[in-house]
Each structure stands twice: as structure tokens, then as C-alpha cells.
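What follows is one structure encoded as C-alpha cells, with my remarks underneath.
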Amino acid sequence: MATALSTDHLLSNEEGGLSAQQISVVRMSHAARQLLRTETLPAHIRAVLELMCLPVTALWCRVLRFDPAAPDWPDRDRFVVPSTTMQPLLRAMLRLTGEKKHAAVPLEYGRHPAVEVAPGPAGQGVAAAAGMALAEQALCRRFGRSLVNHRTWVLAQDTDLATGVAMEAAQLAGRFGLDRLAVLVAPPSEPDTADFVDSLTRFSASGWTVRKVEADNLPAITSALAATLRARKPTLIACLPSAAPLSPLGPDLPPEEELTGPWSPTARRGASTRRSWLRRFARHRQRTAFEREQTARPPTLFHEDWQRAWEWRMRTALETSTQESGLAGLDALSDILPELTCLTAASAKNAPPSDQNTAGWQRPVALAKGRECGIQEHGMAGMLNGLALHGGMLACAAASMMTVDRMRSALRMAAFMRQKVLYLLTGDGLALGDGGGAWQPVEQLASLRATPNLAVFRPGSAEETFKCWEAALHWQGGPAVLVLCPHQNTPLRFPAAVLGGATRGGYVIRSPEKRQVTLIASGPEVAIALEASHHLAQRNIRAAVVSIPCWELFAAQPGTYRRAVLGGAGLRIGIEAASGFGWERWLGPEGIFVGMDDFGTSAPANALYERFGITAEAICEKVEHHLFASGAARGASSFAPDQPRARARGPLLTRP
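The opening position of the sequence shown corresponds to residue 2 in my numbering, with each subsequent residue numbered one higher.
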């Protein structure tokens, strides 16, 4: 130890008065550079990593609350590395400060506990980090600084800052006052840095504190990190190359053994901080609630309390559409789940389309209490991933169905990481919205259902909406989407289930003996299928009605159950106000789909249903035509109907 002190003294003299702590940072930085040299990296990536080496080492040695012995400790600082380009620097820090038992674990999301987020498209990591900071802010308000007192740091690239999702998340972070969020970034290695300078200007205009430091000036870096701890706004630290680089401090000088592994400043400070936190946690009065939320366990008697709250909310509902009942379920959840955090887009707060209800309509409580994100749906969706990744939160969002394409990249990241995120997509159906007929939901449902690990729920009644809410809360494979319609087709209530239930993804609503036809629908079109089954019964055609609100849950059921629901023989008709892509898995090769094959048509909802042939009368004609042609119902109809209306083109007619 005496030798180390004499060495520190000499180094201090060489660098003009560096303290012992600063010398240890410099030694660790040189060791990290040596580890980077052992990896095969392109020249431009190596240049950026070596430029960021000293700032990152200073953060880990002096500021970061991280215990390598417990990388998943709840009150740790989140160090987010959103790209594979910057991961070699994280690997070097973990090797210098961590224990050997984690050295053999691949540095991948889901495998190494220190990897906070999976690498993805540029900007997604910045948005997720903003969501983590939002989760820290919400948890701190409930449990106090004694249990929640950490920060979120991001090691970003210049390309992350230039993306739209990062800019939207930055604006939301500034609006929400996320002062415990900090981003470290370096300029590109190319000579032209105009885009990088523009990104710094935009972040500053979004309510961020932007600091510029020389990446090899340790006192300036330490001062910037200390100022970040005192800042009242989110901070962006731009680590710039020095115009006159300082003389290197022993580039081949390794760190002392006493400063690496469990003896590193990061490990010693992190272990001490974690032990203090565990002592406070053991005697905290909210310990039970904190443990329950961190482990994502529901409260005692959750289902009974939620059902009572939902029924009470539905008593004051102005209508019984799936959108109204879905938002009532969200209100009920907000009453009994304090960990629920709802981000709302402006598009989700539209009044109901019915003129007679608009005067007495009020915004749902959960939407009114939620974090308003305006039209920044992409940044909102990225922040939802961070809320879920942080832990202790139930992330939820409400937005219009027509904005799902803007949220798709973040939604895909949630599905890839299998994070539990709830989406309420309002405004489903053929109603003419503010965007005109070009925004009708033709392909959105099919594209969502094609996403792995994503559960799509499209309920058709108030009771079915409640069951879908229940199934979505139990879905553990990834995010869940509830697609809600503002219109209510008759009948207002479905008959009691004959076989199964909505929580199994698909079930039988009406089942006559020896069925000839099976009408399969989802959402509001289930009511049309029920009406068509009554018309067919009057024509001596036995038709069963099946509702499939969630394909993913239904596909996970045993094959015997699926065959019992869909029927072993007879004609299958699929009915949905959307594209028929994917419906062949339920209809079979001989099935018929009744839905939409075009968009861009502007008309009231009833005229559009007529236009695409999604009516009980048109469905009956299709069934009779098929059965008559196949000989299965010879004599049931005295005429052969015209071609299906779904292919018709002509003037639009509204119902009288």
C-alpha cells in the first residue's frame, strides 16, 4: 500500500495536482482502453469508444450507484446502453468492477443482469431511459427517497439524438421534469458535426440542460457530473474531443489490484449503499406494498374489488360500447392498483360520436389523471417500455387506433423483450374520423396479430370487454392490446356462452344441433353474426355463432377445444371490419371471409358496412349462395343471389 501511495504522489505531480481519487479514475480509464484494444472493432467505432472511455470511467468510479454483486438491486442506478456499438465499453466496465462469476455470462438482454434494455432501433433506448426516469419519479412520490433514490444514465450515440422518437421522448422528459435523467454522448467521428450540433440545440429547446466538456479533461468531467446531480432538469453531457489533447498518463500502466473487481470504487460504494438501503427497507412501513409491486403480484382480493369497481363505473356510463366499457375498466384499475401508470395521447380523448351523448360526456378519470403526451405517440410508446423495464410499475397507454403505426417500432421492442405493457386503442371500426376515409383500419389488426408475443383483444360487448381486460392482465408473454370501438351494435348483451368463455380467446355463443354454418366474428361484428344467425334460422339453415376476441389465447388452447368451438364440418364464415389476412387459419380452405378489401372511402359507418357487405342480409345471401351451389341446402332458397356485395362498386347508400 505504501508503494501505491508513492506512485499516486508522483502521478499527482505529473498531472498538476490530481487527487488520489482522480488518479484511480485515470488508471481505470487506461485499463478500460487496454480491454478495448483486445476487441476487433472498426476504426470509427474504436475512436468514439476511446473518446468516451474517461467520462464513463469517471461516472462508474465516482457517481454510479451500482453493486456488481447484485446487478438487479431495485434502487440501483440504471445505466442504459441502447446500441451494440457502445456495449464494448460496458463490457470493459463490468470486467474491471464486477465479480468473476458474471464474466462468463454473455452481455445480452435477458441473460446478463446488468443489461437494462435490449439493443434496438436508434432512439428507442433514449425513450426507454426516459420511461425509467418517469418510473423513478412516480415511485419516489409514493415511497419516498428512503426507498427510491436512484438515477438513469444513458450512453448514447449521436444517431440516437437525431431520431424522432428520441426527440419526442426528450420533449416529454422536459415537460414531466425528469431531473434524474442524464445522457452521455460523443460527436461522430466524421468531420461534419452539423447534425450533432442541431441535436444539442433541439434538446436544449426541449427543457434540457446541455453541458459540453472535453472528453480528456477529468476535472471538467467531474464538475459536469457533480452539476448533473444538482440539476433540476434532465441533462445532456456532450463529450467533445479536445483541441489540444493533454499528455497521456501512463497508457500502459495497469490499475492496482486493490482498485479492480470487488475492491473497485464502484463495487465498494455500491455494496455500502445497498447495505444501507436494505437496513432502511427492513424497517420501512411500506415494505409489503413495495415488495408486492416489485414482484408484480396483484393485491389481496384483487379480482373481487376490481369487478365491483368496474360495475360501479359502468352504472354512470352513457353507453355500453366496448370503448366506454374498456375505459371504465381502466378507471376501475386505477382505483385499486396504485402502480398503474397511464400515458394518454390526445387522440384517445375524443368525445363519443353520438350527438345526444356529447353534452353530458366527461373524460374518463384514468385519462384525466394520466400523463398527457399530446400527439407524441412514438415517444410515449418508447417510454412505456422503460416503465415496464424499471419494475414496480404497470405501464398502460391510451391512444387512437389510427396512431398504432407510429407506435409500432416501440411496440415491437416491447414484444421482443416480452415486457408487460397494456395498450388501449380507441376509435376502432368504420366510423369516419378526423383524418377522413383514408384512415380506416384495414390492415392494422392483421399486422398486430402477426407480431410475436403480442396479444390482441377485440371485444364485442361490455361483458366481453371485462373478460378481455382480465385476460390481458394475466397475459405474461409480452404486451397486450385492447382494440375498442365507440359504436355499439345491437344486441346490447350477448347470450350466455354455450362453450368456453372470452378468457380462453374464443368461445361459442349460439350453437344449434347439427350446425351447417359457423359464423366466426370479433368485436362489434359479433352482433352482426348473431343477427345473421336468426335470419338463417328462419330460412331453415342452422348457424352457430363463435366469438374470437383474442387469436393468441385461442391458438394456445388444446386442439380438441378449438375443434369443438369451430365445428368439425360445415361452412365457416369469418366476419370482421378489417382485412381478411390470416383468417384462413380459422376458416379453412373452403371458408368465406366478409370484411374490408379497400380503404379511402368516406361515408358514415352504416354506409360503409353496406359498402363492404358487412351486414346480416349480405351474410345470409353469401351463405345461401354457397349452400345452394354446393347442394347442401337445395330448396332452402328459391333464387341464386347476386355476387357478394363486398366486391361491389358503385354509389354509397345509407340506411334509412
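Glycine included, C-beta positions come from ideal geometry on N, C-alpha and C.
Check                                                                                                                                                               : Outcome
Between which residues of its own chain and ALA360 is the CB-CB distance below 7 Å, once the five residues before and five after are set aside?                     : The pLDDT assigned to ALA360 is 44, lower than 50, so where the model puts this residue is not dependable; a value taken from the coordinates is nonetheless given after this. For ALA360, where only same-chain residues beyond five positions count, there are no Cβ hits under 7 Å.
What's the call for ASN386, buried or exposed, on a 16-neighbour Cβ count within 10 Å?                                                                              : buried
Along the chain, where does the beta strand (DSSP E) containing THR236 start, and where does it finish?                                                             : 236-241
On a CA-only basis, which of LEU331, ASP193, TRP313 and ASP68 is nearest ALA272? Give me that one, please.                                                          : ASP68
Apart from the five residues on each side of it in sequence, which residues of its chain come closer than 7 Å, Cβ to Cβ, to LEU55?                                  : SER30, ALA216, ASP217, LEU219 and ILE222
Can you list the beta strand (DSSP E) stretches of 3 or more residues lying completely in the stretch 507-552, in chain order?                                      : 508-511, 518-522 and 544-548
Between the stretch 224-244 and the stretch 174-191, are three or more C-beta pairs nearer than 8 Å?                                                                : yes
Which same chain residues, not among the five before or five after ALA171, have their C-beta less than 7 Å away from its C-beta?                                    : PHE204, SER207 and TRP209
Checking 9 Å against the spacing of the C-beta atoms, do VAL81 and LEU156 come in under that value?                                                                 : yes
Which runs of the alpha helix (DSSP H) fall wholly inside the stretch 121-157 and span at least 4 residues, in chain order?                                         : 125-144
With distances taken Cα to Cα, identify the nearest neighbour of HIS488 among PRO496, PRO550 and GLU325.                                                            : GLU325
Does the count of Cβ pairs from the stretch 528-536 and the stretch 553-570 closer than 8 Å reach three?                                                            : no
What are the boundary residues of the beta strand (DSSP E) that includes LYS213?                                                                                    : 210-215
Suppose you measure from the CA of ARG511 to the CA of ARG540; what does that come to, to the nearest Å?                                                            : 17 Å
Determine the extent of the beta strand (DSSP E) in which ILE576 is found, giving its start and end residues.                                                       : 572-576
What residue range is occupied by the uninterrupted alpha helix (DSSP H) comprising ARG316?                                                                         : 303-316
Run through the DSSP bridge pairs and tell me what ALA171 is partnered with.                                                                                        : Answer by DSSP bridge pairing: none, since ALA171 is not bridged.
Can you name, in chain order, every residue of its own chain whose Cβ lies under 6 Å from the Cβ of PRO122, other than the five neighbours on each side?            : SER410
According to DSSP, is VAL49 helix, strand or coil?                                                                                                                  : helix
Relative to the C-alpha of VAL64, which residue among ALA187, ARG77 and ARG281 is closest?                                                                          : ARG77
What is the rounded straight-line gap between the Cα of GLU465 and the Cα of THR153?                                                                                : 40 Å
For a test of the three-state rule: what should DSSP assign to ARG372, helix, strand or coil?                                                                       : strand
For TRP278, which residues from the same chain have a beta carbon less than 6 Å from its beta carbon, with the 5 sequence-adjacent residues on both sides left out? : ASP76
Since I believe ARG505 is in contact with PHE555 (beta carbons under 8 Å), could you give me their beta-carbon distance rounded to a whole number of angstroms?     : 7 Å
Distance check for ARG146 and ILE549, CA to CA, integer angstroms please.                                                                                           : 47 Å
May I have the straight-line CA-CA distance separating THR289 from ALA297, to the nearest angstrom?                                                                 : 12 Å
Would the C-beta of GLU137 count as close to the ligand NAP, meaning under 8 Å from any of its heavy atoms?                                                         : No copy of the ligand NAP occurs in the structure displayed, which carries no ligand at all.
By DSSP's criteria, SER401 is part of a beta bridge. Which residues make up the other side?                                                                         : THR427
Mapping the DSSP letters down to three states, classify ARG203 as helix, strand or coil.                                                                            : helix
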